[in-house]
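J.:
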Amino acid sequence: MSRRVVVTGMGVVSPNGIGLSAFLDAIQNGVSGIKFMPLYEELKFSCQVAGKPDFVLEDLKTKNYISEVTYHGLKGTNIGYGLMAALDAWADAGNAYDTDETRWETGCIFGNSVSDTEAMKNVITRVDNKEVKKLGSRVVEQAMNSGVTSYVSGRLGLGNKVITNSAACATGTQAILMGYETIKDGYAKRMLVGSSEYVDTYVFGSFDSMRVLSRKFNDQPEKASRPMSVTAGGFVPGSGSAALVLEDLEFALARGARIYAEVLGGSSNSGGQRTGGSMTAANPQGVIRCIKEAIDGAKISPSDIDLISGHLTATNADMQEIQNWCQVLGRSGADFPVMNSLKSMIGHCLSAAGSIESVASILQIVHGFVHPNINLDDPNPQIKDYISMDCLPTAMLKKDINIVAKANFGFGDVNSCLIFSKFNPNDTTRNFN
Amino acid sequence: MTRQEILTELKKVLSPYTLEKDALANIDESTNLITDLKINSANLVDIIIDAESKYNIEIDYDSADKMVNVGGCIDVIEEKTNQQI
Numbered sequence: 001m002s003r004r005v006v007v008t009g010m011g012v013v014s015p016n017g018i019g020l021s022a023f024l025d026a027i028q029n030g031v032s033g034i035k036f037m038p039l040y041e042e043l044k045f046s047c048q049v050a051g052k053p054d055f056v057l058e059d060l061k062t063k064n065y066i067s068e069v070t071y072h073g074l075k076g077t078n079i080g081y082g083l084m085a086a087l088d089a090w091a092d093a094g095n096a097y098d099t100d101e102t103r104w105e106t107g108c109i110f111g112n113s114v115s116d117t118e119a120m121k122n123v124i125t126r127v128d129n130k131e132v133k134k135l136g137s138r139v140v141e142q143a144m145n146s147g148v149t150s151y152v153s154g155r156l157g158l159g160n161k162v163i164t165n166s167a168a169c170a171t172g173t174q175a176i177l178m179g180y181e182t183i184k185d186g187y188a189k190r191m192l193v194g195s196s197e198y199v200d201t202y203v204f205g206s207f208d209s210m211r212v213l214s215r216k217f218n219d220q221p222e223k224a225s226r227p228m229s230v231t232a233g234g235f236v237p238g239s240g241s242a243a244l245v246l247e248d249l250e251f252a253l254a255r256g257a258r259i260y261a262e263v264l265g266g267s268s269n270s271g272g273q274r275t276g277g278s279m280t281a282a283n284p285q286g287v288i289r290c291i292k293e294a295i296d297g298a299k300i301s302p303s304d305i306d307l308i309s310g311h312l313t314a315t316n317a318d319m320q321e322i323q324n325w326c327q328v329l330g331r332s333g334a335d336f337p338v339m340n341s342l343k344s345m346i347g348h349c350l351s352a353a354g355s356i357e358s359v360a361s362i363l364q365i366v367h368g369f370v371h372p373n374i375n376l377d378d379p380n381p382q383i384k385d386y387i388s389m390d391c392l393p394t395a396m397l398k399k400d401i402n403i404v405a406k407a408n409f410g411f412g413d414v415n416s417c418l419i420f421s422k423f424n425p426n427d428t429t430r431n432f433n
Numbered sequence: 434m435t436r437q438e439i440l441t442e443l444k445k446v447l448s449p450y451t452l453e454k455d456a457l458a459n460i461d462e463s464t465n466l467i468t469d470l471k472i473n474s475a476n477l478v479d480i481i482i483d484a485e486s487k488y489n490i491e492i493d494y495d496s497a498d499k500m501v502n503v504g505g506c507i508d509v510i511e512e513k514t515n516q517q518i
């Protein structure tokens, strides 16, 4: 028996806005969250700009996200982002934080790339200085990869599946997909899903050394993330988190929940690092299969897709991605759907990208608009060999959006794709019972 | 330092680890850290680290085992600070 799955709550900690209303305002107005980072200049990074949320860890204590005892000793920024996004989503769905009983019907799938390298640096320094005794009890929980899910599920008493996933840049979409499948297959009534990423200097430096980051716009940070443009010279790393509350439709209706959208389906696979795929490049066959499986699973036709929320990081993979979408959808030129890249505003938030972009996708469904592709003032001339430039709006477009395809592709040649739809209570085509 | 003086200082050390502020305000030597102050047992090690740094002492494993109630904490702190003199 298959269940319908709907989105009833969202939370977001984005470089261009924390909280749904600030984030909505930012993406409607094309507000960049990319800033110059003086420390990166000092560290001799080639890329000296980044997307970093205007986040204050202490808000977790003063705004009642967690107790002062839990806050005391909390150092992990990644955990901070994840907690805020997840608890905001939970509250947005109309749920209270506190519970004496375990919530057995609800689980949590939340991903990240690394737990927190700065927290690990503290461990390494103490151990190397023969001060291991001073580490204390709070280090392991913040250095372990499952730190975010442990804090979130502990705060809310979640008792269903609690899983920390990691699939590089496909992590966020994959977490949402896994939560969707858990409910669809009847294992849980509700799943709190999402992902977070804190790009500290060590993670940032590792990417910088690969020469895949934007380096020519350090003096114009807001221009530095330029997906699909001819001057796109690499991506801009970003940090943040986003979370969704997914619910079994009947469970949501029974409690009178507000429904933002429906998850119609999705897919996650790998190109196997063959036929053009590698550790760092996507095998086009894998990408095409992933998107096709998502569309087939959602029981829609490629022509139903109104908006593509692309991966589109601002590297030379952008052109291949456009070709892949054209091929799998069988649509090109002016027939191609509208497409945008949130990364033009917030950079590439790695593991957090999929969840932040999913929140943006759902906001576009709910509010009937397409957010602009900023910095696309010099589009790659090859694009028009495949699609009409009208498909890539550079200013906000008011448009009724029924179905969005959201995909992300990550190192290790992993892919994830989700299909979101406006919720239609009278839609019986997807009642598979 | 008298035992009462140590107890007054100990309240400050324990404060970040308990939400039971009324119980903390009224502690005496019989107050149990885990059952009365609802301190997470894993955090006892953090209290030991904080006490070590506050009093500039070293608390070994055997002594730490005695620090389950306020009286035991005072015993250990008293003993270790006296050793320094």
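Protein chains in written order, with the working numbering: chain A, 1 to 433; chain B, 434 to 518. Built from N, CA and C at the ideal position, the CB exists for glycine as well. On a predicted model such as this, the values are computed, not experimentally measured, just so you know.
At the level of alpha carbons, what is the spacing between V7 (chain A) and H72 (chain A)?
T.: If you number the first sequence from 1, residue 7 (chain A) lands on position 7. If you number the first sequence from 1, residue 72 (chain A) lands on position 72. Between V7 (chain A) and H72 (chain A), the C-alpha separation is close to 33 angstroms.
J.: For G159 (chain A), tell me which candidate among A:M191, A:N316, A:V69, A:F420 has the shortest Cα-Cα distance.
T.: For the purposes of this step, residue 159 (chain A) is taken as residue 159 along the first sequence, with counting starting at 1. Measuring from the Cα of G159 (chain A), the nearest candidate turns out to be A:M191.
J.: Just the Cα atoms here: how many angstroms apart are S166 (chain A) and G111 (chain A)?
T.: Position 166 of the first sequence holds residue 166 (chain A). Position 111 of the first sequence holds residue 111 (chain A). About 5 angstroms.
J.: Put L350 (chain A) into one of helix, strand or coil per three-state DSSP.
T.: Within the first sequence, residue 350 (chain A) is the residue found at index 350, counting from 1. L350 (chain A): helix per DSSP, three-state reduction.
J.: Using the C-alpha atoms, what's the distance from S416 (chain A) back to V31 (chain A)?
T.: The count along the first sequence starts at 1 and reaches residue 31 (chain A) at position 31. The count along the first sequence starts at 1 and reaches residue 416 (chain A) at position 416. For V31 (chain A) and S416 (chain A), the distance between alpha carbons rounds to 27 angstroms.
J.: Closer than 9 angstroms, Cβ to any Cβ of chain B: which residues of the segment 123 to 138 of chain A, in chain order?
T.: K133, K134, L135, G136, S137, R138
J.: Where does N433 (chain A) fall in DSSP's three states?
T.: Taking the first sequence and counting its residues from 1, the one referred to as residue 433 (chain A) is at position 433. Because the pLDDT of N433 (chain A) is 42, which lies under 50, any placement of that residue in the model is unreliable, and the number read from its coordinates should be weighed accordingly. In this structure, N433 (chain A) counts as coil in the three-state DSSP scheme.
J.: Entirely within the segment 249 to 280 of chain A and at least 4 residues each: give me those alpha helix (DSSP H) ranges in chain order.
T.: 249 to 254
J.: Taking K406 (chain A) as the reference, give the member of A:G9, A:C349, A:A170 with the closest Cα.
T.: For this step, residue 406 (chain A) is matched to residue 406 along the first sequence. Distance from the Cα of K406 (chain A) is smallest, within the candidate group A:G9, A:C349, A:A170, for A:A170.
J.: Let's test the definition: count the other Cβ atoms within 10 Å of the Cβ of E141 (chain A) and tell me whether it reaches 16, buried, or not, exposed.
T.: Counting from one through the first sequence, the residue named residue 141 (chain A) turns up at place 141. Classification of E141 (chain A): buried, given that the 10 Å Cβ count is 16 or more.
J.: Does the beta carbon of T451 (chain B) come closer than 8 angstroms to any beta carbon on chain A?
T.: As a first step, residue 451 (chain B) is located in the second sequence; it is residue number 18 there, counting from the start. Chain A, which has a Cβ nearer than 8 angstroms to the Cβ of T451 (chain B), makes this yes.
J.: Please return the same chain residues whose Cβ sits closer than 7 angstroms to the Cβ of E250 (chain A), not counting the five positions on each side in sequence.
T.: Within the first sequence, residue 250 (chain A) is the residue found at index 250, counting from 1. Contacts found: none.
J.: For Y40 (chain A), count the other beta carbons within 10 Å of its own beta carbon; 16 or more makes it buried, fewer makes it exposed. Which is it?
T.: Locating residue 40 (chain A) in the first sequence gives position 40, where the first residue counts as 1. With 16 or more Cβ atoms within 10 Å of its Cβ, Y40 (chain A) is classed as buried.
J.: When the distance is taken between beta carbons, is S225 (chain A) closer than 8 angstroms to S239 (chain A)?
T.: Here residue 239 (chain A) refers to the residue found at position 239 when the first sequence is read from its first residue. Here residue 225 (chain A) refers to the residue found at position 225 when the first sequence is read from its first residue. Result no, Cβ atoms of S239 (chain A) and S225 (chain A) do not sit closer than 8 angstroms.
J.: Are the Cβ atoms of S332 (chain A) and I387 (chain A) separated by less than 8 angstroms?
T.: Residue mapping note: residue 332 (chain A) aligns to position 332 of the first sequence, counting from 1. Residue mapping note: residue 387 (chain A) aligns to position 387 of the first sequence, counting from 1. It is a contact, given that the beta carbons lie within the stated cut-off.
J.: Measuring alpha carbon to alpha carbon, tell me which of A:D185, A:Q320, A:A93 ends up nearest R4 (chain A).
T.: In the first sequence, the residue the question calls residue 4 (chain A) occupies position 4. For the residues A:D185, A:Q320, A:A93, the minimum Cα distance to R4 (chain A) belongs to A:D185.
J.: Excluding the 5 residues flanking D385 (chain A) on each side, which residues of the same chain have their C-beta closer than 7 angstroms to its C-beta?
T.: In the first sequence, the residue the question calls residue 385 (chain A) occupies position 385. Excluding sequence positions up to five before and after D385 (chain A), its CB lies less than 7 angstroms from no other CB in the same chain.
J.: Go through its chain and collect everything with a Cβ distance to T514 (chain B)'s Cβ below 7 angstroms, but skip five positions before and after it.
T.: For the purposes of this step, residue 514 (chain B) is taken as the residue at position 81 of the second sequence. So the qualifying residues of the chain are M434, Y488, I490.
J.: Shorter than 7 angstroms, the distance from the beta carbon of S166 (chain A) to the closest heavy atom of the ligand NAP, or not?
T.: In the structure on display, the ligand NAP does not appear, and there are no ligands present to speak of.
J.: Say whether chain B places a C-beta atom closer than 8 angstroms to the C-beta of V69 (chain A).
T.: The residue given as residue 69 (chain A) occupies position 69 in the first sequence. Chain B, which has a Cβ nearer than 8 angstroms to the Cβ of V69 (chain A), makes this yes.
J.: Could you check where the alpha helix (DSSP H) with R155 (chain A) kicks off and where it finishes?
T.: Looking up residue 155 (chain A) in the first sequence gives position 155. Unbroken alpha helix (DSSP H) run through R155 (chain A): 147 to 156.
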